Structure formats: C-alpha cells, structure tokens
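Below: the structure, in structure tokens.
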Amino acid sequence: MGSSPSGGSRFESVGAVREGLSGVDYLADEATAGVVYLADRLDKPVLVEGPAGTGKTELAKSVARWAGSRLIRLQCYEGLDESKALYEWNYRKQLLRIQAGESSGTTWSDLEDDIFTEEFLLSRPLLEAIRADEPVVLLIDEVDRVEVETEALLLEVLSDWQVSVPEMGTVSATRIPLVFLTSNGTRDLSEALKRRCLYLHLDYPSVEREREIVLARVPELPAHLAGEVARIVRSLRLLDLRKPPSVSETLDWARTLVILGVDELDADVTESTLHVLLKHRADIAAAARELKTAG
Amino acid sequence: MLDLLAGFVGELRAAGLPVSLTENIDAMDAVRHVPLDDRPALRAAMAATMVKRPEHRPAFDAVFDAFFSLAPAVADGDDDTDLSALLDEALRSGDEEAVRRLAHLAVARLAGMEEGRGVRGSAYVFKTMRSLDVEGALARLLAGAGWLERDDLAAAGQRIRDEVEAEVRRRLVADRGPQAVARSVRRPLPEDVDFLHASREDLAALQRSLRPLARRMAARLARRRRLGRHGRLDFRRTLRRSLSTGGVPADPRFRRPHPHKPEIVVLADVSGSVATFARFTLQLVHALAGEFSAIRTFVFIDGIDEVTHLFAGADDLAAALVRVHEEADVVAADGHSDYGRALETFWARWGREITPRTSVVILGDARNNYHASSAGVLGDLRRRGRRLWWLNPEPRSYWDTGDSIVAEYAVHCDGVFECRNLRQLEAFVSQIG
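Respectively, the protein sequence lines represent chains A and B. So the first sequence is numbered by my numbering: it starts at 2 and just counts up by one. So the second sequence is numbered by my numbering: it starts at 484 and just counts up by one.
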C-alpha cells in the first residue's frame with residue numbers, strides 16, 4: 002500500500018466526545034460516545050443500526066458539525082450503482098472532445114490518453130471522500146436499501162480506503178475519513194460488511210435520557226412537562242404499535258405542546274395531539290383506548 | 484489479560500455468538516484504547532467490535548458480567564433493614580442506588596448461597612426473587628396505579644431483577660471463577676429458543692424479535708422476486724435516452740417484469756402441545772401477507788375450521804390469535820389431535836378450492852393419538868395443489884416414536900421440515916417465498 006494514510010486521533014477521550022457532542026445538542030450515551038471515539042482511533046467505519054428516528058443520521062451530522070469537518074453524504078436506494086456511488090466518466094464531455102479532436106486532427110492514442118483523465122471524471126460521494134485533503138465525515142445513509150451485490154462496492158473503500166479506476170489506476174486516501182453507515186435493519190447486511198465495521202445499535206432512549214434530549218432541543222418546554230412527555234412516549238412504545246413514536250416525533254410533540262401553551266398534560270390534551278406522535282389510524286385508536294382505561 | 488480475553492471470546496462462541504477471527508483481533512485492538520477500569524467503556528468497546536446483532540446483546544452482557552464485573556460496590560448492611568420496605572421504595576422510585584442496595588441485601592439473605600456448592604446461577608436468582616416476592620409487591624402497588632405508573636413500576640421491577648442477577652453472578656464469580664459462572668447463566672439466543680420448551684421470558688424475547696424478522700424477510704422475498712429484473716428491452720425508452728448521447732444507445736432501458744406471488748393455505752394444529760409453535764408460525768406468515776397473493780388459514784384439533792376472516796384486516800395479530808382460540812370450531816369429538824379426521828373434513832369441505840397455484844403448509848407434530856391417518860388425503864392435496872409442505876416442531880429424533888406418524892404423511896409431501904426455533908422457521912419461509 003506504500004505510505005499508509007493516517008486518519009486520526011482527532012478526539013482525545015470518550016469523555017471529550019461526549020462533551021463535544023452535547024455542545025452541538027446531541028446527547029450521546031456512554032456506548033455511542035465510546036464507539037465514535039474508537040472509530041477515530043482504529044480508523045474503522047461505524048455501522049449504526051436501529052429503529053427509524055432514533056438519531057442515526059443525526060449522529061453523523063453532529064459529529065461533523067462538532068469536529069468542523071465537511072459532511073459528504075451518500076443516500077442509498079435500490080438500484081444504486083457504482084456510477085452513482087463511486088465515479089462516472091463524463092460521456093457527453095468525452096464525445097465533445099472526440100468531435101473536437103476529429104476536426105483538429107489529433108491521433109487516437111493522444112485522444113485516448115486525454116479523455117480518461119481527471120478532467121472527464123465525475124466524482125461521486127465515495128471517491129470524493131477518499132480524495133478529500135481536509136478531514137471529512139462520510140455518511141452512507143440507509144445502506145440496507147441497496148442490493149447485496151452493490152454492498153460489495155463499499156468493501157474496497159471501507160477496508161483499504163482506496164478506489165480502483167481501471168483507466169487511471171488506484172486512488173488512495175490521503176486522510177482516512179470518519180465513516181458512518183446507517184441501517185434501519187430492513188434486511189440483514191452481509192457478514193463481510195459487518196465484519197469491517199464497528200457496530201452501534203441505537204435504540205429508543207431511556208426515560209431519563211429522552212427527557213434531557215427534549216429539554217436540550219425544546220428549551221421552551223417547562224421542565225416538569227418534559228418528564229411527563231418522556232414517560233408518555235415510553236409507555237406508547239411499550240404498546241404493540243405498527244410504528245412506535247420516534248425521538249424526532251417526541252420533539253415535534255414537545256414543540257406542539259409549547260405552541261398550544263399547554264401547562265398540564267392530561268388525558269384529553271394527550272389524546273387530541275396524538276396524531277403528532279402516531280401516524281397510523283390503528284395505532285392512534287390503540288393509544289386512545291389505553292388512555293381511556295388509565296383514566 | 485490476554486488469557487482472560489481468550490477465555491471470554493471462547494465463552495461468547497460457546498454461547499452461540501458468531502465472533503470471527505478479524506472481530507476478535509479488532510476487539511484486542513480496541514481494548515488498548517480504553518482504560519481497563521472503566522467498565523462501561525470496556526463493555527462498549529467489546530460490544531462494538533464483536534456483537535453485530537442487537538438480539539445477541541443480552542447473551543453478550545451475561546458473559547461480560549461474569550468475566551469483567553467488579554466486586555460488590557455496597558458494603559454489607561446491618562441485618563435489621565426491612566427488605567419489604569426497601570423493596571417498596573425501590574419499586575416506587577426506581578432509583579439506582581436503592582435498587583442496588585436491595586439486590587445486595589436480598590441476595591445475601593435469601594439466596595442461600597454457600598461457598599463450594601454447585602454453580603446454579605439461575606436457581607439462586609429464582610429463589611431470591613420468589614422469597615423477596617417482587618411479583619406480589621408489584622401487584623399490590625399496581626392496584627391503584629394509572630397507565631404511566633404501571634410502566635414505571637414494570638421498569639423498576641425489571642431493574643431489580645437484572646440487579647439481582649448481576650449480584651448473584653458477582654458472588655458466584657468470586658467463588659467459582661468466570662468460566663463456570665458464564666456457563667450456568669447462559670441464555671439462549673432468541674433464534675435458538677425451542678418453541679416447545681420456551682420459558683415465559685424466552686417467549687417475550689421471541690415475540691419482540693418476530694416483527695423485525697418479518698420485516699427483514701418481507702424485504703428479502705420482495706427483493707428476490709425482482710431479481711434478474713432485467714425484463715425485455717424497452718425500445719422506446721432506450722431510444723429516447725440515446726438522444727442525449729448523440730443517438731448512441733449507451734444506456735439501455737428494460738421493462739419491469741411482473742413475477743407472480745404464491746398463494747398459501749396453512750393448516751395448523753392448535754392443540755395444547757404445539758400451540759406455541761402454531762402461534763408463532765401463523766404470526767410470521769400473516770406478517771408477511773403482502774408477499775403472498777393470498778393466505779387462507781385453517782386451524783384444527785380433531786375438527787377443522789377456517790379462520791382467515793379473523794386475520795383479515797386485523798391490526799393486532801395477537802388479538803386475532805386469541806379470537807382464533809375462542810371462536811374457531813376445532814373440537815369435534817374429544818379434543819385430542821386427530822389429523823386423519825381433520826384432513827378428511829378439510830378435503831370434503833374445501834378440497835375443491837385448492838388450485839394448481841396453491842401451496843399448502845401443514846403445521847403439527849403428527850401425534851395422532853393412534854387414530855386413522857387418512858394419509859391418502861395428502862396425496863390428493865398434492866396432486867391438486869402446487870406444493871405441500873409439513874413443518875414439525877419436534878426434534879427429528881422424536882419423529883415416528885410413540886403415536887407420531889410423520890413418515891406416513893411424509894411420503895405424500897414435497898418436504899417435511901424440522902422447525903424447532905425461529906432460525907429454522909426463517910430458513911423455511913425464505914425458501915417458499
């Protein structure tokens with residue numbers, strides 16, 4: 002590999018990560034901070050898995066914001082291929098170049114050398130992150146949406162920190178980026194990918210932590226309400242719902258309560274604002290039933 | 484330290500966690516970066532490198548506690564503290580300090596642990612919890628509690644249980660060493676829990692892992708159906724695309740294929756011995772409803788009844804299952820499984836509705852209580868339908884012993900599968916999709 006690229010030692014200690022993240026309003030628990038710290042020390046990507054809306058994407062964004070790094074994002078979807086993830090040759094520009102060459106009489110071998118150079122290469126997120134000179138955070142979002150075959154594209158990048166472009170050779174990273182992959186767990190990722198990553202499972206937060214998150218993000222909400230909000234959301238999640246409320250929905254609900262000027266959370270207020278938390282008719286009905294029996 | 488780590492990884496593997504060599508090396512690497520006396524950080528580092536599935540986390544935690552838990556933090560309290568008052572307080576406040584003190588005292592007084600006796604971790608936990616009567620105290624407090632208090636109490640109860648377990652483990656480790664303890668408190672992974680011998684807690688864990696499993700499988704089935712999705716060339720769209728590359732068709736477009744979905748008929752034995760198995764399989768199949776063009780469900784003991792309507796539009800599968808047991812007319816004679824009679828009845832009443840597109844799945848242990856087998860009906864079913872499968876929740880070695888007559892039915896089936904846990908069930912469903 003020649004001179005091995007260096008990543009980092011960006012972060013001093015687990016505690017520093019925690020404090021830094023809370024400085025940008027992301028309240029990380031011990032495990033989260035620990036994994037971010039290790040990712041930096043071991044130069045390994047982090048695979049973040051968990052239910053929707055627990056702050057997976059937000060974690061990557063917050064780390065970038067705190068470290069002052071550029072965030073490069075690759076949004077995955079079905080049918081994503083290397084021309085969208087790694088690089089693509091700019092066909093149109095190459096065609097133009099060839100046509101221009103015909104009139105001026107350049108030889109084919111000159112032309113060939115010319116049209117497979119940097120100028121005609123369109124960098125997509127992965128290559129861009131590898132080539133960046135400054136420290137970057139690479140976010141590969143919802144990686145479970147791509148096909149298993151496409152996952153293999155990521156392997157070279159994530160373990161050797163390089164991209165092979167057949168016409169040009171191998172592009173290696175000068176600085177190893179901090180990589181976050183997120184997954185909603187809609188399918189099992191391949192063992193090969195999991196093996197290369199540190200694993201972090203972000204679940205719904207505990208009552209105490211969710212209360213702190215609410216207070217940090219919606220400071221206008223009175224403190225005694227924040228505790229109630231967290232408890233109600235916790236209890237909703239214990240019901241067998243199709244889509245339990247996410248942390249972002251908790252925050253939406255807290256903001257709703259602020260706007261409505263609610264001072265005390267009783268069953269009526271809760272029931273009339275349930276649609277902020279729950280998005281399925283059956284779920285709302287189930288929750289309302291529970292509220293009634295609780296009195 | 485290296486020896487300890489090697490023993491730790493060995494124990495993880497023995498508990499069923501797939502820890503690869505690279506992951507093992509990563510863990511060693513990671514450990515160098517955290518202070519060893521910071522147990523939460525150590526736990527996080529090891530979990531991040533070696534546990535890549537959330538369902539495996541409890542098993543990992545149990546082993547970790549056995550190997551790396553520190554000596555009890557609380558000093559031995561005076562002997563006249565009232566445990567039940569302390570219990571009430573711990574339950575009401577859920578306070579960490581109170582819970583720890585309670586667990587410490589309770590295990591010291593009630594578990595009856597003696598040095599050098601056999602290592603039976605789970606038995607000590609059980610004994611402590613029963614003598615402490617946490618369930619009783621919970622029930623008392625729950626009487627006047629509202630919705631939120633109920634969940635607060637349940638969470639506190641769980642915390643106490645966890646802490647008692649940890650305390651027992653700590654004491655055992657001090658006495659017997661980590662390896663022996665880890666073995667005695669080992670928990671099966673949810674996918675390995677045997678349907679027929681699952682404890683209440685195991686069942687709860689199983690239930691929790693069912694929904695994510697169904698989601699994963701639905702995605703997999705849908706994906707596979709679309710695989711080889713390059714249908715025929717779409718000439719019009721290819722031509723339209725070629726305009727942007729000067730008439731060179733550089734980017735061919737294809738039509739989407741429309742693959743068909745299978746139609747499933749499930750016949751489930753719901754008699755006591757295999758009811759759990761039937762429950763989980765029915766839930767899984769119905770959670771995957773979108774992946775089949777139609778699902779019809781029949782349940783039987785010695786009579787047979789269709790229950791498809793109970794599942795139709797049901798948001799709550801668990802509630803639907805309760806109704807199945809209450810409303811379905813499954814007992815014709817004495818309420819003991821009679822596969823022969825159930826199959827005859829099915830064939831007579833619904834046999835004509837089986838078409839060459841229908842696949843039939845039968846769930847049951849084929850313990851026929853020495854009734855007639857009527858295996859010929861299965862032959863008719865298979866000839867008329869597309870496929871016929873049998874899922875048996877018993878271990879293969881028990882088949883055809885006593886009143887089990889799997890072999891008589893097997894000759895008419897496309898396949899008979901042992902289906903004792905979620906892992907095997909998952910393998911089967913992804914095969915038929």
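All residues carry an ideal CB built from backbone N, CA and C; glycine is no exception. None of the values given here were measured: they were computed from a predicted structure.
Taking 8 Å as the upper bound for CB-CB distance, Leu750/B and Phe781/B are in contact here, some 5 Å apart. Rounded to the nearest angstrom, the gap between the Cα atoms of Phe550/B and Ala665/B is 8 Å. Close to chain B, meaning a Cβ-Cβ distance shorter than 8 Å, are the following residues of the segment 233-256 of chain A: Ile233, Arg235, Ser236, Leu239, Asp241, Arg243. Gly186, Thr187, Arg188, Asp189, Lys195, Arg196: these are the residues of the segment 164-198 of chain A whose beta carbon lies less than 7 Å from some beta carbon of chain B, given in chain order. Taking a Cβ-Cβ threshold of 7 Å, the residues of chain A close to Ala702/B are Thr187, Arg188, in chain order.
DSSP, reduced to helix, strand and coil, places Asn507/B within a helical segment of the structure shown. Our two residues, His516/B and Gly54/A, have alpha carbons roughly 30 Å apart in a direct line.
Leu96/A has its alpha-carbon roughly 59 Å from the corresponding atom of Leu689/B. Against chain A, the beta carbon of Arg806/B has no neighbour under 8 Å; the closest one sits roughly 15 Å away. DSSP places Leu122/A in the uninterrupted beta strand (DSSP E) bounded by 122-124.
Assigned with DSSP and collapsed to three states, Arg218/A falls in helix. Interface flag for Tyr200/A against chain B is set, since a Cβ pair is found closer than 8 Å. Contact between Val647/B and Met700/B does not hold, since their C-beta atoms are separated by about 36 Å, which reaches or exceeds 8 Å. Contacts with chain A at 8 Å (Cβ-Cβ) include Asp634/B. If you look at Trp873/B, you'll find it isn't in any alpha helix (DSSP H); it sits in the beta strand (DSSP E) that goes 870-875.
Distance between Arg865/B and Cys896/B, taken at the CA atoms: about 7 Å. Comparing alpha-carbon positions, the option among Arg906/B, Asp677/B, Asn852/B, Gly629/B lying closest to Ala816/B turns out to be Asn852/B. The C-beta of Asp788/B comes no closer than 8 Å to any C-beta of chain A.
Contact between the segment 206-219 of chain A and the segment 24-39 of chain A is established, with three or more Cβ pairs separated by less than 8 Å. Pairwise C-beta distances place the segment 58-70 of chain A in contact with the segment 174-186 of chain A, as three or more of them are shorter than 8 Å. For Gly106/A, the secondary structure class from DSSP, reduced to helix, strand or coil, is coil. If you look at Arg779/B, you'll find it in the beta strand (DSSP E) that goes 777-783.
For Arg42/A, the neighbours in chain B by C-beta distance under 7 Å run, in chain order, His516. Considering only Glu789/B, Gly818/B, Tyr822/B, the residue with the shortest C-alpha distance to Arg806/B is Glu789/B.
Residues of the same chain with a CB within less than 6 Å of the CB of Leu525/B, apart from the 5 flanking positions on each side, are Val517 in chain order. Neighbours of Leu631/B in chain A, taken as residues whose beta carbon is under 9 Å from its own, are Glu229, Arg232, Ile233, Arg235, Ser236, Ala295 in chain order. Within the segment 91-103 of chain A, Tyr92, Arg93, Leu96 place their CB atoms closer than 8 Å to a CB of chain B, listed in sequence order. Straight across, the Cα-Cα distance linking Leu222/A with Cys77/A is about 36 Å.
Using a Cβ distance threshold of 8 Å, Leu636/B and Leu905/B do not count as a contacting pair. Between the alpha carbons of Phe829/B and Ala772/B lies a distance of about 22 Å. Closest option to His854/B, judged by alpha-carbon separation, among Asp821/B, Asp520/B, Arg522/B, Arg698/B: Asp821/B. For Leu75/A, the enclosing beta strand (DSSP E) stretches over residues 71-76. Taking a beta-carbon distance threshold of 8 Å, Leu258/A does not count as an interface residue toward chain B.
One alpha carbon belongs to Ala777/B, the other to Ala705/B, and they sit about 15 Å apart. Of the residues assessed, Met533/B falls on the buried side of the cut-off, its CB having 16 or more other CB atoms within 10 angstroms. Under the three-state reduction of DSSP, Arg243/A is assigned to coil, being neither helix nor strand.
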